[in-house]
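Right, one structure below, let's go through it.
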Amino acid sequence: MTFDATSVPEDDLDGHTMEELGDYLDRGRTPYDPSIETSAACRLALVGMTRMQELARTALEHESGRDPARDDAWISGLLDTIKTEIRSGRDIPVGHPNPVLRLALTEAAVRGVIRRAGDTMGGVIMGRCVLDGDVTTPGAPIRIDVTAGLEYGMSVAETADRLRERITRALAEHTELVIGQIDVTIDDVYPGGDRTDDR
Amino acid sequence: MTDDTELSRQLTAAIRATEGVSGVYPAQPILEAAAGAVAVRLALRVPDVLVDIDRADDFTTVSAHISTAGERPATETLRRVGELLLERLGAEPSIRGEVAVNVKVRLVEEAGASAVSGLA
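Top line first, the protein sequences correspond to chains A and B. Quick note: to get the working numbering, add 4 to the position in the first sequence (first position is 1). Quick note: to get the working numbering, add 19 to the position in the second sequence (first position is 1).
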């Protein structure tokens, strides 16, 4: 039996590749593939890729004045970020009075919460998201470092403040992390469009 | 050696039925999980045995990986699943000695996403 090197699964995607997931998404997630739908990593990647498809569609609606090469680089950068962030990462503990129970969220799950807080806000497209600090020690303050693209015409300061508020609220709802600081870097500006704000 | 397939199946089903849980994922060690994923892909195995049960001497470690529905705090769902597993294991005659239960949230789903996945 020969072993084809190209068939070696990507270890972070439970045997699948980003290309396969892209094709699966293009087919409307049909026929149902249990090996994808029962993989947390694949599902995380699909969430990110779905969001990216929506963003790409919006960009096409505002085609004029856009540089295709720049768009390709932007999409490729977002794909890389999605791929990086699906790695489970560290375990972020959740307390319980019974020491027999060890409860945790993965770092990837928490990054997903942060990303959604930004991407559903309107006016920003989330880029990189880093949890800086000892997330494995309960109560230790950590720093959140995010980058985002800003819709043209929006106020940088107001949008960054609103993003911080949403991230703080989302993390307080789903985690026990102590947030010392949230740094927001606006690293891109994109053309405005019809927004579906969720303020 | 005890075959824990049926117990794992029961625990998987119980977790799936827990409020706030939108999916259950394989919690087996990586090589075992990879073999399982291949089996699922080849339609050799239904993904309903996803809770890992590891017995060593008189110590049993039970591990579960889940996704939670975004409408509810993930911490709340996590605690609920942990307590459910402890309760079930307490009532399981084949479990003797000490027990450790690990539950991990791999994904917090967007509201309504679990209906799409068909995992819940």
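In this text, a Cβ means the ideal position worked out from N, Cα and C, and glycines have one as well.
- Inside the segment 87–136 of chain B, DSSP marks whole alpha helix (DSSP H) runs of 4 or more residues at positions 93–109, 132–136, from first to last along the chain.
- Looking at the DSSP output, ALA75/B shares a beta bridge with PHE78/B.
- For SER27/B, the enclosing alpha helix (DSSP H) starts and ends at 24–35.
- Contact note: ARG173/A does not reach chain B at a C-beta cutoff of 7 Å; the least C-beta distance is about 12 Å.
- When CB distances to chain A are screened at a threshold of 7 Å, the residues of the segment 89–104 of chain B falling below it are PRO92, ALA93, THR94, LEU97, ARG98, GLY101, in chain order.
- In terms of CA proximity to ASP71/B, VAL43/B leads the group ALA130/B, VAL127/B, GLY39/B, VAL43/B.
- In the structure shown, the three-state DSSP call for HIS20/A is coil.
- Taking 7 Å as the cut-off, the Cβ atoms of GLY127/A and GLU155/A count as close.
- Residue pairing from DSSP places ALA108/A in a beta bridge opposite PRO97/A, LYS123/B.
- Here the segment 173–192 of chain A makes contact with the segment 90–110 of chain A; the two share three or more CB pairs at distances below 8 Å.
- Counting only residues of its own chain and dropping the five nearest sequence neighbours on each side, ALA46/B has a CB closer than 7 Å to the CB of LEU69, VAL70, ASP71, SER82, ALA83, HIS84.
- In the three-state reduction of the DSSP assignment, MET130/A falls in the strand class.
- One thing to note: ILE190/A has its Cβ within 7 Å of the Cβ of VAL160/A.
- At a cut-off of 7 Å between C-beta atoms, PRO145/A does not count as an interface residue with respect to chain B.
- Those residues of the segment 176–200 of chain A placed with their C-beta closer than 8 Å to a C-beta in chain B are GLU177, HIS178, THR179, GLU180, ordered along the chain.
- Contact of VAL128/A with chain B by beta-carbon distance below 8 Å is absent, the smallest such distance being about 17 Å.
- If you check each beta-carbon in the segment 31–48 of chain B against every beta-carbon of chain A, the ones closer than 9 Å belong to GLY42, VAL43, TYR44, PRO45.
- For the segment 115–126 of chain A, the set of positions with a beta-carbon nearer than 7 Å to some beta-carbon of chain B reads GLY116, VAL117, ARG120 in chain order.
- The beta-carbon distance between GLY131/A and THR85/A, rounded to whole angstroms, is 6 Å. This is short enough to meet the 8 Å contact definition.
- THR172/A: member of the alpha helix (DSSP H) spanning 160–178, first to last residue.
- Less than 7 Å divides the Cβ of ALA113/A from the Cβ of VAL124/B.
- ALA49/A is outside the set of residues whose beta carbon lies under 7 Å from a beta carbon in chain B.
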